[in-house]
Amino acid sequence: MPASYLEITLRIFGIKSLKEKRSIVKRLINDLRSNFNISVVEIADQDSKDFITLGVSLVSINKSQIYKSIESIVEYIERYYTVENVYKEVYD
């Protein structure tokens, strides 16, 4: 059963405090968990109010389904959150 790991760094705009950023990160993580069957956690940039770095792990029956899920996750984030996708890396 194949598994993949996605590391994605997002730039967020208009954030004035780390408290405001943390509320956005918490909502984003909860949304991703409820809409996709994934494990997700903030892995870096916790002290930066301009960037969010998430680690996402996925398991599926085949690799093509994993890649479809990754694209859906990225599209979801870009559609529903005011962020810029700065970096995306997939590890198999």
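Residue numbers 0 to 91, in numbering that gives the first Met the number 0, belong to the letters of the sequence shown in order.
We put the CB at the ideal spot given by N, CA and C, even for glycine.
The beta-carbon separation of residue 8 and residue 79, rounded to 18 Å, does not stay under the 8 Å limit for a contact.
Buried is the label assigned to residue 5, since at least 16 other Cβ atoms lie within 10 Å of its Cβ.
Using a Cβ distance threshold of 9 Å, residue 27 and residue 76 count as a contacting pair. About 17 Å separates the beta carbon of residue 2 from that of residue 71, a gap too long to meet the 8 Å contact definition. DSSP places residue 14 outside any alpha helix (DSSP H), giving it a letter other than H or E.
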